[in-house]
Each structure stands twice: as C-alpha cells, then as structure tokens.
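Enquirer: Handing you this structure, nothing more for now.
Number of protein chains: 2
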Amino acid sequence: MGRVKTYDEALRQRLLAEAAQLLSSEGVGALTLRRVAALADTSTTAVYSLFGDKDQLLTAMYVDGFARLGRALTRARAGAPLEALGSVGMAYRRAALAAPHLYGLMFGGLAPSADAKQVADAAFQPLVESVQTCLDSGDLRGRDAETIATYLWAVSHGLVSLEIAGLVGGSLRARTEGYRDALTMSIVGHLP
Amino acid sequence: MGRVKTYDEALRQRLLAEAAQLLSSEGVGALTLRRVAALADTSTTAVYSLFGDKDQLLTAMYVDGFARLGRALTRARAGAPLEALGSVGMAYRRAALAAPHLYGLMFGGLAPSADAKQVADAAFQPLVESVQTCLDSGDLRGRDAETIATYLWAVSHGLVSLEIAGLVGGSLRARTEGYRDALTMSIVGHLP
DNA sequence: GGTCCAATCATAACATCGTTTCGATAACGA
DNA sequence: TCGTTATCGAAACGATGTTATGATTGGACC
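Heads up: the protein sequence lines correspond to chains U and R, in order. When we follow the numbering used here, the leftmost residue of the first sequence carries the number 1453, and every step to the right adds one. When we follow the numbering used here, the leftmost residue of the second sequence carries the number 1453, and every step to the right adds one.
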C-alpha cells in the first residue's frame, strides 16, 4: 500500500554522483542540499529519506571515495613485488590529485564514524598486502608489513596533502619526480 | 570627529583568542560569528570591521596558527645538529596534537591566499635551516636542504594527519614511538 | 556654551542554509 | 468504488553570513 517509490537506489546513486560532481567542480562550499537535489531533479526530502542527513550524505561520499581509492590501489598492483609497491604509491597520488576536493573531504577532519573508519582501513589494505608480498619475497625486511605500510602511507599522504595545499614548489613534472624520489627513498630504507 | 573607537587592535586580538578557544573546544562547526562576537562582548559588526569577512577571520586564525607553529619549531632547535633536527620533528607533532582542530584548519583545503601561503612557508623555514645546519656540519648529505626538509615535513604531516583522523592504531605511547621511529628512519636515509 | 556634523557602532532586515512539518498524491485491499 | 496508508513535494522554521539602517557619540564651529 501507499504510492510507488521514487526514492530508490537509483536516485541514491544519482544524488551521490551529482554531489561528487558538484564537490569536484566547485568545492565543498558549494555542496548544498538544495543544489544537489535540484541537479538530481528531486526535492531535498529525498536526501533525508535516502541518507538521513547532510552529514550522512558526506559520509557516504567519504565511504565511496575510500572505496574508489582502494580499488585504484588494487588495480595498480602488478609486476614484481617491489615494482608493484612503487606502482601502488604512484597510483595513490594520481587518485588524490584527480579529485583533490574529495581527498580533502576524506582527510579533512570530518570525524569518521566507526564503520567509516573501517572503510578507510580497507582502502589501506592493498598497500599492506603489497608490502607483505615484498617481505615474503625477501625484497623488504626489518619491520612488520603494517608498520612499513603505515610509514609509506604517511609519506604519500603527507606529500600529496602539501601539494594540494600549494605548499610544494616546482612544476607538475618536478613535483611528480619529487614524489617518486621520496617514495623510492622511503622504500630503500627497508631494503635488506 | 566621530565617536571613540572600540573596534581596535585589542578587540581584534580578543576576537581571535575567543575564536581559537571556540575552535579548539567545539570544532569548526561551532565557529559562528554570532557566538564569537558574543564571547568577545561585542556585535557581529566588529568582525566585519576588523576582519572584513568570516573567511578572513579564518585566514587570520590560519596565519596565527602557522606563526605559532613556526615559533614552536624555532624554540625546539637546540643541541647538536642532528639532535636539534629530531627535536624539531617531535615539536611539530606536539604542536599539531595540542590543537588538532586548528591543525585541520591550517591544512584542510581552505585555499590559502598568496600571503597566507607565505606565512606557511615561513613556518617551514626553521626546519629548512635545521637541515641546512646538518648539511653544513656534514651530518647529512645527498640532497639540498629544501628537498630534504620537504620530505621530512611530508613524513611528519602525513603521520600526524593520519593520527588525527584516527587512522593510526596503538596507544598514545605507541604512536609517539612510531612517529619517532618514522622520523629517525627518514633522517637515517640521508646520513653520509 | 550651544548646535551641527561626521564618524562609529548596535540593531534589525535579508537571503540562504539545514531541517522538520504538513497537506496532496497514489497504489492496494475490501 | 472507496477508504486506507505509505510516500512525496512544497512550505515553514530556526540559524547563519551578510548588509542596510538608524541611534549614539565626541569634536568643530559660531
């Protein structure tokens, strides 16, 4: 009974897509429920019915962002262990710079709920596994996989974050090489 | 002519202090002009007269935050070159964790104006100088001071940022040791 | 010393935001 | 056919950033 639902999974995906597009093109300041709803040809009520809240819409974008990042890292794992690890590192920066506003949302204070943090940890796993593969093959040693992976994550996130904030000088090519250099240096520190 | 000014430098400092207190205790979401003005016993007009805008108030907090950070890093420079460099690194984390919301404001997307970025660069100089001292004394080698300093900054900022986001496990003591370990590892990579 | 005047500020109005309420709508069972 | 009930769009509400308005104040001038 009742009338047919139009607040369905398809609309949810459309809202998420429009919100992501708006975030990407105009930044987090332009993310208003009225604009997102209008872009998806619906009313603001849809957001409350499908997400519950603006914060929960942002959390959904946060979760989606980490899921995409995790898949991008997994896709990058190819070749010999050390080579794959380097590829994962470069893919991390590529994903972040492709959607800097989303990246800012993912790491920008928004206190993540317990399950949201779980998604972030899941996105982190491809890196841990890649490090573990290097440990197993004897290409790396000295610390456990999680410790080394956290360290590499910090280097990557740190440099990317400074770069997005405009605090790293040089041309795009120079910054890319600087990132590759920093990554190599960090990996070299764990060679046998 | 006219009446006596009450929107003076003292009120400006008071507004900045109250805003910082509010940010520190309740986060960026609680930073409303009406609350800040009420805490400083004035009206919202004062903010517009003294800062021009809410964004410019936030920018002033951003600038103040980097200035404090720079002073904290400068204060930490003591002892032999390598020892001083390590102290600067540990002081960086201490300053960030002491005011995580402010730290988030400083690195959280807020597109910094050209002169605001200059302040951030200035805060970064104590680290560059500390690295340069190590290069001059022969304790470090292999890259120029700015490159090494940027790398160390990335490691520090990355780990601190992940820690604030709740993405680094372990107790506070374990995280402190993990940070010290990462810092040491990053410096060791540049030993002669 | 009284009167104007211009600078200065507190108050109130405005547009917009997130959120909630409410009446209109539309399918299903009787 | 009709009533019931889930569902939705529009409008209302409080709060926010911002701007306009009018009251207030202290010196300048006669």
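For every residue, glycine included, the Cβ atom is placed at its ideal position computed from N, Cα and C. Note that the structure is a prediction, hence the values are computed from the model and not measured.
Extract the residue ranges of the alpha helix (DSSP H) inside the segment 1521-1590 of chain U, only unbroken runs of 4 or more that lie entirely within it.
Expert: You should have 1533-1550, 1552-1559 and 1566-1588.
Enquirer: From the DSSP output, in three-state form, read off L1501(R) for me.
Expert: Residue 1501(R) sits at position 49 when you count from the first residue of the second sequence. For the sequence presented, residue 1501(R) should be read as Ser rather than Leu. Of the three classes helix, strand and coil, the one that applies to S1501(R) here is helix, per DSSP.
Enquirer: Output yes or no for whether 8 Å exceeds the beta carbon distance between A1519(R) and R1529(R).
Expert: Numbered from its first residue, the second sequence carries residue 1519(R) at position 67. Numbered from its first residue, the second sequence carries residue 1529(R) at position 77. Going by C-beta atoms, A1519(R) is not nearer than 8 Å to R1529(R).
Enquirer: Return the chain-ordered list of same chain residues with a C-beta closer than 7 Å to the C-beta of R1464(U), the five sequence neighbours on each side being excluded.
Expert: Your numbering for residue 1464(U) matches position 12 in the first sequence. So the list reads L1502, once near-sequence residues are dropped.
Enquirer: Over the uninterrupted alpha helix (DSSP H) stretch that includes V1612(U), give me the two end residues.
Expert: Residue mapping note: residue 1612(U) aligns to position 160 of the first sequence, counting from 1. From DSSP, the alpha helix (DSSP H) with V1612(U) extends over A1597 to I1616.
Enquirer: Would you kindly check if the distance between the Cβ of L1592(R) and the Cβ of H1642(R) is under 8 Å?
Expert: In the second sequence, the residue the question calls residue 1642(R) occupies position 190. In the second sequence, the residue the question calls residue 1592(R) occupies position 140. Yes, they are a contact pair.
Enquirer: Would you grab the beta carbon distance between A1575(U) and L1525(U) for me? Rounded to a whole angstrom, and I think it's under 8 Å.
Expert: Position 123 of the first sequence, counted from the start, is the residue given in the question as residue 1575(U). Position 73 of the first sequence, counted from the start, is the residue given in the question as residue 1525(U). Confirmed, Cβ separation roughly 7 Å.
Enquirer: Since K1483(U) and L1474(U) are thought to touch, with beta carbons under 8 Å apart, how far apart are those beta carbons, to the nearest angstrom?
Expert: Reading the first sequence from its first residue, position 31 is the one you call residue 1483(U). Reading the first sequence from its first residue, position 22 is the one you call residue 1474(U). For the record, residue 1483(U) in the displayed sequence is Leu; it is not Lys. That pair is a contact at about 6 Å.
Enquirer: So for A1492(U), helix, strand or coil by DSSP?
Expert: Along the first sequence, read from residue 1 onward, the residue named residue 1492(U) stands at position 40. Correct three-state label for A1492(U): coil.
Enquirer: Can you find a C-beta in chain R that's less than 8 Å from the C-beta of F1559(U)?
Expert: The residue labelled residue 1559(U) in the question sits at position 107 within the first sequence. By this cut-off, F1559(U) is an interface position.
Enquirer: For a contact meaning CB atoms closer than 7 Å, what does A1572(U) contact in chain R?
Expert: As a working mapping, residue 1572(U) is identified with position 120 in the first sequence. Residues of chain R passing the Cβ test: L1619.
Enquirer: Just checking, does the segment 1505-1517 of chain U make contact with the segment 1578-1586 of chain U on the three C-beta pairs under 8 Å criterion?
Expert: In short, these stretches do not touch, since the Cβ pair count stays below three.
Enquirer: If you draw a straight line from the alpha carbon of R1595(R) to that of F1559(R), how long is it in whole angstroms?
Expert: What you label residue 1595(R) is simply residue 143 of the second sequence in a count that begins at 1. What you label residue 1559(R) is simply residue 107 of the second sequence in a count that begins at 1. Taking the straight line joining both Cα atoms gives about 26 Å.
Enquirer: Are the C-beta of M1637(R) and some C-beta of chain U separated by less than 8 Å?
Expert: Residue numbering aside, residue 1637(R) sits at position 185 when the second sequence is read from its first letter. By this cut-off, M1637(R) is an interface position.
Enquirer: Give a yes or no on whether the minimum CB-CB distance between A1634(R) and chain U is below 8 Å.
Expert: As a working mapping, residue 1634(R) is identified with position 182 in the second sequence. For A1634(R), the answer is yes, since a Cβ of chain U falls inside 8 Å of its Cβ.
Enquirer: First and last residue of the alpha helix (DSSP H) that includes G1630(U)?
Expert: Residue 1630(U) sits at position 178 when you count from the first residue of the first sequence. Counting along the chain, the alpha helix (DSSP H) containing G1630(U) begins and ends at L1624 to V1640.
Enquirer: Reducing DSSP to helix, strand and coil, say where D1516(R) ends up.
Expert: To locate residue 1516(R), count along the second sequence from 1; it is residue 64. Three-state result, D1516(R): helix.
Enquirer: For a cutoff of 8 Å on Cβ pairs, would you count A1492(R) as touching chain U?
Expert: Here the question's residue 1492(R) lines up with position 40 in the second sequence. Closer than 8 Å: no.
Enquirer: Determine the burial state of S1638(U): buried for a count of at least 16 other Cβ atoms within 10 Å of its Cβ, exposed for fewer.
Expert: Taking the first sequence and counting its residues from 1, the one referred to as residue 1638(U) is at position 186. So S1638(U) ends up on the buried side.
Enquirer: Do L1587(R) and W1663(U) come within 8 Å of each other at the CB atom, strictly closer than that value?
Expert: Nothing can be reported for residue 1663(U): it is not among the residues displayed for chain U, which extend from 1453 to 1644.
Enquirer: For A1566(U), count neighbouring Cβ atoms within 10 angstroms of its own Cβ and tell me buried if that reaches 16, exposed if not.
Expert: Numbered from 1 along the first sequence, position 114 holds the residue referred to as residue 1566(U). Exposed, since its Cβ has fewer than 16 Cβ neighbours within 10 Å.
Enquirer: The alpha helix (DSSP H) that contains A1482(R), what's its start and end?
Expert: For this step, residue 1482(R) is matched to residue 30 along the second sequence. No alpha helix (DSSP H) holds A1482(R); DSSP gives it neither H nor E.
Enquirer: On the premise that G1630(U) lies in contact with G1622(U), defined as a C-beta separation below 8 Å, what is that separation, rounded to the nearest angstrom?
Expert: Within the first sequence, numbered from 1, the residue matching residue 1622(U) stands at position 170. Within the first sequence, numbered from 1, the residue matching residue 1630(U) stands at position 178. Confirmed, Cβ separation roughly 7 Å.
Enquirer: Should A1551(U) be flagged as near chain R, meaning a C-beta pair shorter than 8 Å?
Expert: Your numbering for residue 1551(U) matches position 99 in the first sequence. Cβ-Cβ to chain R under 8 Å: no for A1551(U).
Enquirer: Considering only residues of the same chain and omitting the five flanking positions on each side of A1548(R), which have a CB-CB separation below 6 Å?
Expert: Residue numbering aside, residue 1548(R) sits at position 96 when the second sequence is read from its first letter. Correct list, in chain order: Y1555 and V1612.
Enquirer: Counting only Cβ pairs nearer than 7 Å, list the residues of chain U close to A1606(R).
Expert: As a position in the second sequence, residue 1606(R) is number 154, starting the count at 1. Correct list: V1607, G1610, L1611, L1614 and A1634.
Enquirer: By the criterion of Cβ-Cβ separation under 7 Å, what are the contact partners of P1644(U) in chain R?
Expert: By one-based count along the first sequence, residue 1644(U) stands at place 192. Within chain R, no residue comes near P1644(U); the closest Cβ sits about 15 Å away, beyond 7 Å.
Enquirer: Taking 8 Å as the limit between beta carbons, can you name the residues of its chain near L1496(U), skipping five residues before and five after?
Expert: Start at 1 with the first residue of the first sequence, and residue 1496(U) comes out as number 44. At residue 1496(U) the sequence reads Thr, which differs from the Leu that was named. If we look at T1496(U) and ignore the five residues flanking it on each side, its Cβ neighbours are L1485, R1486 and A1489.
Enquirer: Alpha carbon to alpha carbon, how far is A1550(U) from E1478(U)?
Expert: By one-based count along the first sequence, residue 1550(U) stands at place 98. By one-based count along the first sequence, residue 1478(U) stands at place 26. Rounded to the nearest angstrom, the two C-alpha atoms are 14 Å apart.
Enquirer: What does the alpha-carbon distance come out to for the pair P1564(R) and A1634(R)?
Expert: Taking the second sequence and counting its residues from 1, the one referred to as residue 1564(R) is at position 112. Taking the second sequence and counting its residues from 1, the one referred to as residue 1634(R) is at position 182. Answer to the nearest angstrom: the Cα atoms are 29 Å apart.
Enquirer: Can you list the residues of chain R that V1583(U) reaches, using a CB-CB cut of under 9 Å?
Expert: Taking the first sequence and counting its residues from 1, the one referred to as residue 1583(U) is at position 131. Correct list: empty, because the minimum Cβ distance to chain R is about 14 Å.
Enquirer: Please name the residue in L1510(U), V1499(U) and E1470(U) whose C-alpha comes closest to that of Y1459(U).
Expert: Stepping through the first sequence from its first residue, residue 1459(U) is reached at position 7. Checking every option, the nearest Cα to that of Y1459(U) belongs to V1499(U).
Enquirer: Contact defined as beta carbons within less than 8 Å: I believe V1607(R) pairs with G1610(U). What is the distance between those atoms, to the nearest angstrom?
Expert: Residue numbering aside, residue 1607(R) sits at position 155 when the second sequence is read from its first letter. Residue numbering aside, residue 1610(U) sits at position 158 when the first sequence is read from its first letter. The pair is a contact, with the Cβ atoms about 6 Å apart (cut-off 8 Å).
Enquirer: Could you work out which residues of chain R lie near Y1544(U), taking near to mean beta carbons separated by less than 9 Å?
Expert: The residue you call residue 1544(U) lines up with position 92 of the first sequence. None at all; the shortest Cβ gap to chain R is about 11 Å.
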